[in-house]
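According to the numbering used here, the stretch in the sequence shown is residues 1494 to 1591, in order. Each remark here refers to the structure printed beneath this line.
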Amino acid sequence: MAKFDVFRTSEGWLALDCQSNSLSHLNTRLAVPLMPLANAPLPAARLNPRFVVDAQEVVMVTQFAAALPISELRHQLCRLDQHDYEISNALDMLISGF
């Protein structure tokens, strides 16, 4: 389990792990839902970057970030570490407003 891994939760939705790897000893991870574009709230610039996961365009719904138990993050699908700049910008926008 690593920062920017994408998981399918037990409920079937996609979760992007956004927690620092240096906190891997915790039993929760900060995760952000990745929703299909058609089901997501209207994307906002910087706050909601888009990615392709399993051949489907998804939106990072940063404003829905939450702590999830690691037991929910069982089925890793891919990594989005190549998008670290966009993901970090979205988290900065949520927390700092810029």
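From the three backbone atoms N, C-alpha and C, an ideal C-beta is built for every residue, glycine too.
When the Cα of residue i is compared with those of the options, which residue comes out closest?
i: phenylalanine 1497; options: His1518, Asn1520, Leu1527; result: Leu1527
i: glutamate 1579; options: Leu1566, Ala1508, Met1553, Leu1519; result: Met1553
i: leucine 1509; options: Phe1591, Leu1587, Ala1559; result: Ala1559
i: alanine 1531; options: Ala1524, Arg1543, Ser1503; result: Arg1543
Is the CB-CB distance between residue i and residue j below 9 Å?
i: leucine 1584; j: arginine 1522; result: no
i: isoleucine 1588; j: methionine 1494; result: no
i: cysteine 1571; j: aspartate 1547; result: yes
So, under 8 Å CB-CB, residue i and residue j are touching, yes? Tell me the CB distance rounded to an integer number of Å.
i: glutamine 1569; j: phenylalanine 1500; result: 6 Å
i: valine 1551; j: leucine 1507; result: 6 Å
Please go through the same chain and pick out, in chain order, the residues whose beta-carbon is closer than 6 Å to the beta-carbon of residue i, but skip the five residues on each side of it.
i: serine 1517; result: none
Excluding the five sequence neighbours on either side, which residues of its own chain have a C-beta within less than 7 Å of the C-beta of residue i, listed in chain order?
i: glutamine 1556; result: Leu1540, Leu1587
### Every unbroken beta strand (DSSP E) inside the stretch 1503-1543 [3 residues or more]
At a cut-off of 3 residues, the continuous stretches assigned as beta strand (DSSP E) that sit fully inside the stretch 1503-1543 are 1507-1510, 1521-1529.
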